[in-house]
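Undergrad:
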Amino acid sequence: MGLFDLFKQRKKEESQAEPQNEVDAARKATLENPDDPSALTKLAGALKRAGEVVEALKHFEKVTSLVPNDPIAHFNYAVTCEEAGDIESALRELARVVELDPEDALAYNHLGAIYIDQSQYAKAEEALRRAVELNPESAIAMNNLGVALKHLDRARDAAFYLDRALALDPSLAQAEIELAEVREKLAAEPKSGKFRKGLSRTKVQFLEWFKPFVGFEVEAGAEFYDGLFDQLVLSDVGSELAAKLIEEIRARARDEGATSATRVIEILRSKLEDILSDTEPIAPFDPNRLNVVMLVGVNGVGKTTMLAKIARHLKEKNLNVLIAAADTFRAAAVDQLKIWAERTGTPIVSGQQGADPAAVVFDAAKAAVARKADVLLIDTAGRLQTKKNLMEELKKIERTITKNAPDANVHHLLCLDANTGQNAISQVELFRSVCRVRGLIINKIDGTARGGAVLAIVKKHRLPILFLGVGENVGDIVEFDAGEFVKAWFSAG
Ligand SMILES: Nc1nc2c(ncn2[C@@H]2O[C@H](COP(=O)(O)OP(=O)(O)OP(=O)(O)O)[C@@H](O)[C@H]2O)c(=O)[nH]1
Ligand SMILES: [Mg+2]
72 MGLFDLFKQR
82 KKEESQAEPQ
92 NEVDAARKAT
102 LENPDDPSAL
112 TKLAGALKRA
122 GEVVEALKHF
132 EKVTSLVPND
142 PIAHFNYAVT
152 CEEAGDIESA
162 LRELARVVEL
172 DPEDALAYNH
182 LGAIYIDQSQ
192 YAKAEEALRR
202 AVELNPESAI
212 AMNNLGVALK
222 HLDRARDAAF
232 YLDRALALDP
242 SLAQAEIELA
252 EVREKLAAEP
262 KSGKFRKGLS
272 RTKVQFLEWF
282 KPFVGFEVEA
292 GAEFYDGLFD
302 QLVLSDVGSE
312 LAAKLIEEIR
322 ARARDEGATS
332 ATRVIEILRS
342 KLEDILSDTE
352 PIAPFDPNRL
362 NVVMLVGVNG
372 VGKTTMLAKI
382 ARHLKEKNLN
392 VLIAAADTFR
402 AAAVDQLKIW
412 AERTGTPIVS
422 GQQGADPAAV
432 VFDAAKAAVA
442 RKADVLLIDT
452 AGRLQTKKNL
462 MEELKKIERT
472 ITKNAPDANV
482 HHLLCLDANT
492 GQNAISQVEL
502 FRSVCRVRGL
512 IINKIDGTAR
522 GGAVLAIVKK
532 HRLPILFLGV
542 GENVGDIVEF
552 DAGEFVKAWF
562 SAG
């Protein structure tokens with residue numbers, strides 16, 4: 072029996088007795104055995120229920136000195152201190168509980184709740200993370216963690232835990248209210264914050280160069296255009312596209328009679344936005360049928376991480392998601408995904424290491440149909456194998472999907488690492504030659520100065536970008552938006 076169950080059982084037993092008779096009986100028992108911790112605990116409990124908190128405290132305190140190494144004694148004392156408003160002692164006693172029993176989820180939960188009341192949200196998060204880790208079934212701890220994160224302005228993470236809390240206990244009214252509030256905040260939040268974070272290095276590089284021009288009426292002469300060309304090349308736009316862009320921008324400025332550098336930069340911005348928006352439309356998340364989204368790409372571009380991010384992102388939108396761990400090449404890949412799936416509460420179909428990935432997809436497609444899933448996300452092994460093997464394996468997987476889920480809406484999304492620069496262009500070509508790539512995902516866009524390659528790819532293949540990976544955490548995902556992307560590229564902050 073866990074500590075929490077013991078605690079609940081004790082509470083139940085205690086609440087069944089009549090308070091005053093109970094106090095009298097307990098008092099009598101302690102007179103006979105004044106140093107018996109169990110009799111004193113009973114008396115303190117009875118006093119507390121009878122409203123005699125101050126006296127109850129005295130006895131609970133005595134018990135802690137009689138059995139100083141008993142975590143339950145300290146816990147009882149702590150919660151009574153909390154009730155009596157002595158927060159300092161409550162915190163001290165709870166710290167003692169977790170020192171004696173580092174696995175006491177309930178104590179961590181209480182610590183977290185007190186820290187929330189004290190507006191010490193970072194400390195609350197630390198304690199509550201431990202509570203949730205120790206007892207992933209505790210709706211209250213999940214709720215409290217969500218509340219702490221909300222106060223720490225981490226709305227997306229807060230929504231995740233509040234949602235879990237409600238899934239564990241749908242009657243948890245506080246979680247429902249908090250979740251509605253957080254979702255409202257999320258809906259109102261501009262995406263630029265994340266875009267900015269994601270594009271930090273590209274942006275810094277651009278901004279440094281633009282600074283002397285923006286806001287000043289500097290004439291855009293030959294030197295300015297040369298500098299602009301260099302900047303585009305440095306950002307990995309590619310010299311061919313950079314030259315073309317400069318030519319087009321110059322022509323438009325000439326037509327408009329615009330001479331200031333500020334206006335030319337504005338023209339560049341709208342040009343970049345046009346390129347990024349002029350793509351083949353796709354709908355990989357059609358709400359009316361099973362959508363199968365398969366992530367492909369070379370080794371280490373962030374496929375598995377992105378799959379977890381997308382799973383969580385879609386779950387936040389209340390979609391029914393299933394994961395297929397079809398990277399049977401690396402055992403670690405399946406474990407990595409299982410951990411993610413557990414964290415995000417997503418069902419997963421996986422196979423043994425070395426198994427045929429198509430067999431995993433076979434099972435997953437069947438399961439997706441049976442469960443009426445909205446989205447089946449398939450992780451595949453990164454590949455630098457010979458072209459033929461690659462082609463055969465991806466084709467086989469696709470045939471398996473078509474056979475088991477003939478009505479499914481199937482999309483291959485190619486993951487690219489933003490750091491790859493111009494090399495990404497040849498990856499697109501290789502994958503396009505072996506499977507029907509319909510869209511792109513650009514990972515690791517945080518901390519790269521080479522984001523420009525994306526532009527050349529989109530311009531050439533007219534492939535839409537769906538998501539950006541902006542960090543290693545599961546929340547580090549941004550739904551692509553050309554306007555926001557370009558804005559973030561050029562804006563400070
Ligand atoms: N900074 C940063 N790191 C990332 C991002 N996405 C993934 N990573 C890291 O990149 C490494 C590889 O990520 P994985 O998701 O395992 O890549 P993969 O494509 O599945 O790799 P293979 O299955 O081996 O082909 C890990 O260390 C990730 O934490 C991102 O958006 N930003
Ligand atoms: Mg992987």
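Under this note's numbering, the first residue of the sequence shown carries the number 72, and numbering increases by one thereafter. Beta carbons: idealized from backbone N, C-alpha and C, even for Gly.
Per DSSP, what kind of secondary structure is A396 in: helix, strand or coil?
TA: DSSP places A396 in strand when its eight states are reduced to three.
Undergrad: Could you check what DSSP says for V369 in three-state terms: helix, strand or coil?
TA: Correct three-state label for V369: coil.
Undergrad: From L485 to D434, what does the alpha carbon distance come to, in whole angstroms?
TA: Each residue's Cα considered, the two are about 23 Å apart.
Undergrad: Suppose you measure from the CA of A176 to the CA of N206; what does that come to, to the nearest Å?
TA: Computed Cα separation, rounded: 6 Å.
Undergrad: Does the separation of the CB atoms of A110 and N104 fall below 7 Å?
TA: For A110 and N104, yes; Cβs fall inside 7 Å.
Undergrad: Return the first residue and the last residue of the alpha helix (DSSP H) that N494 is part of.
TA: Looking at the DSSP string, the run of the alpha helix (DSSP H) that includes N494 is 494-505.
Undergrad: Taking just the CA atoms, how far does E170 sit from E555?
TA: For E555 and E170, the distance between alpha carbons rounds to 48 Å.
Undergrad: Less than 6 Å separating the Cβ of V505 from some heavy atom of ligand 1?
TA: Because no heavy atom of ligand 1 lies under 6 Å away, the Cβ of V505 does not count as near it: no.
Undergrad: Please list the terminal residues of the continuous beta strand (DSSP E) segment that includes F538.
TA: Element bounds for F538: 536-540.
Undergrad: Considering only residues of the same chain and omitting the five flanking positions on each side of A426, which have a CB-CB separation below 7 Å?
TA: Closer than 7 Å at the Cβ level, and outside the excluded window around A426, lie T399.
Undergrad: Which whole-angstrom value describes the C-beta separation of G523 and S209, a residue pair presumed to lie in contact below a C-beta threshold of 8 Å?
TA: Their Cβ separation, rounded to whole angstroms, is 47 Å, which puts G523 and S209 out of contact at 8 Å.
Undergrad: Mapping the DSSP letters down to three states, classify N514 as helix, strand or coil.
TA: Residue state, collapsed to three classes: strand.
Undergrad: Compute the Euclidean distance between the alpha carbons of K274 and L316, then round it to the nearest angstrom.
TA: Its pLDDT being 49, under 50, K274 is placed unreliably in this model, and the value from its coordinates should be taken loosely. Straight-line Cα distance between these residues: approximately 19 Å.
Undergrad: Along the alpha helix (DSSP H) that carries L162, what are the first and last residues, could you check?
TA: Unbroken alpha helix (DSSP H) run through L162: 158-171.
Undergrad: Alpha carbon to alpha carbon, how far is A226 from D529? Give it in angstroms, no decimals.
TA: Looking at the sequence shown, residue 529 is not Asp but Val. Whole-angstrom Cα-Cα distance: 32 Å.
Undergrad: Ligand 2 and K374: does the residue's C-beta get closer than 6 Å to at least one heavy atom of that ligand?
TA: K374 Cβ: within cutoff of ligand 2.
Undergrad: Counting along the chain, where does the alpha helix (DSSP H) carrying S331 start and finish?
TA: Premise fails: S331 is in no alpha helix (DSSP H) and is neither H nor E.
Undergrad: Could you check which residue in N475, L128, V138, V549 has the C-alpha nearest to that of P108?
TA: Nearest C-alpha to P108: V138.
Undergrad: Specify the secondary structure class of V253 as computed by DSSP and reduced to three states.
TA: Helix at V253.
Undergrad: Between which two residues does the alpha helix (DSSP H) holding V308 run?
TA: Premise fails: V308 is in no alpha helix (DSSP H) and is neither H nor E.
Undergrad: Taking all protein chains shown into account, decide if V481 is buried (16 or more other Cβ within 10 angstroms of its Cβ) or exposed.
TA: With 16 or more other Cβ atoms within 10 Å, it is buried.
Undergrad: Cβ of A396 within 6 Å of any heavy atom in ligand 1?
TA: No, Cβ of A396 sits at least 6 Å from all heavy atoms of ligand 1.
Undergrad: What span of residues does the alpha helix (DSSP H) with D188 cover, start to end?
TA: Run containing D188: 176-188, per the alpha helix (DSSP H) assignment.
Undergrad: Which residue marks the beginning of the alpha helix (DSSP H) containing D234, and which one marks its end?
TA: Looking at the DSSP string, the run of the alpha helix (DSSP H) that includes D234 is 226-239.
Undergrad: Considering just the uninterrupted stretch of the alpha helix (DSSP H) at I548, what are its terminal residues?
TA: Unbroken run through I548 is the beta strand (DSSP E), 548-550; no alpha helix (DSSP H).
Undergrad: Nearest-angstrom Cα distance between G492 and E311?
TA: Each residue's Cα considered, the two are about 14 Å apart.
Undergrad: Quick one, which of S242, R254, V499, L237 has its alpha-carbon nearest D224's?
TA: Checked all of S242, R254, V499, L237; the closest Cα to D224 is R254.
Undergrad: Between which two residues does the alpha helix (DSSP H) harbouring L484 extend?
TA: Run containing L484: none in the alpha helix (DSSP H); it sits in the beta strand (DSSP E), 480-488.
Undergrad: Taking the alpha carbon of M365 as the reference point, which residue from C152, L220, A155, A479 has its own alpha carbon closest?
TA: Ranking C152, L220, A155, A479 by Cα distance to M365 puts A479 first.
Undergrad: For V545, which of helix, strand or coil comes out of DSSP?
TA: Correct three-state label for V545: coil.
Undergrad: Rounded to the nearest angstrom, what separates I548 and F502 at their Cα positions?
TA: Near 23 Å, if we compare the C-alpha coordinates of F502 and I548.
Undergrad: Assign N475 to one of three DSSP states: helix, strand, or coil.
TA: In this structure, N475 counts as helix in the three-state DSSP scheme.
Undergrad: For I381, report the span of its alpha helix (DSSP H) as first-last.
TA: Unbroken alpha helix (DSSP H) run through I381: 374-387.
Undergrad: Sorry if obvious, but does the Cβ on G422 come closer than 6 Å to a heavy atom of ligand 1?
TA: No, the Cβ of G422 stays beyond 6 Å of every heavy atom of ligand 1.
Undergrad: When you measure from the CB of K380 to every non-hydrogen atom of ligand 1, does any distance come out below 6 Å?
TA: K380: no, Cβ never under 6 Å from ligand 1.
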